[in-house]
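Visitor: Got a structure for you, written out below as structure tokens; questions coming shortly.
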Amino acid sequence: MNPPFYTQAAFAALAGVPVEQVAYWIRTGAVDSVKLGKTRMVLFPGVNQ
1483 MNPPFYTQAA FAALAGVPVE QVAYWIRTGA VDSVKLGKTR MVLFPGVNQ
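Heads up: take any position in the sequence shown, counting from 1, add 1482, and you land on my numbering.
The following block contains the structure:
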């Protein structure tokens, strides 16, 4: 089964944090993500910490 992917906005809503916080987590490697076209998708569950 493939793990679900979420947009940064959808992941932020699920986590209850601002989108900027999710972008920071992606930059620092706290969450796994992939780029699909122009959109960065967050792998969930993909929390490294």
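Each residue gets a CB set at the ideal place from its N, CA and C atoms; glycine is no exception.
Could you check what DSSP says for V1504 in three-state terms: helix, strand or coil?
Guide: helix
Visitor: Are V1499 and A1491 touching if we call contact CB-CB under 8 Å?
Guide: no
Visitor: On the DSSP bridge list, what partners appear for T1489?
Guide: Residue pairing by DSSP puts T1489 in a beta bridge opposite M1523.
Visitor: Given a cut-off of 8 Å on the beta-carbon distance, is the pair L1525 and D1514 in contact?
Guide: In this structure, D1514 lies closer than 8 Å to L1525 by Cβ.
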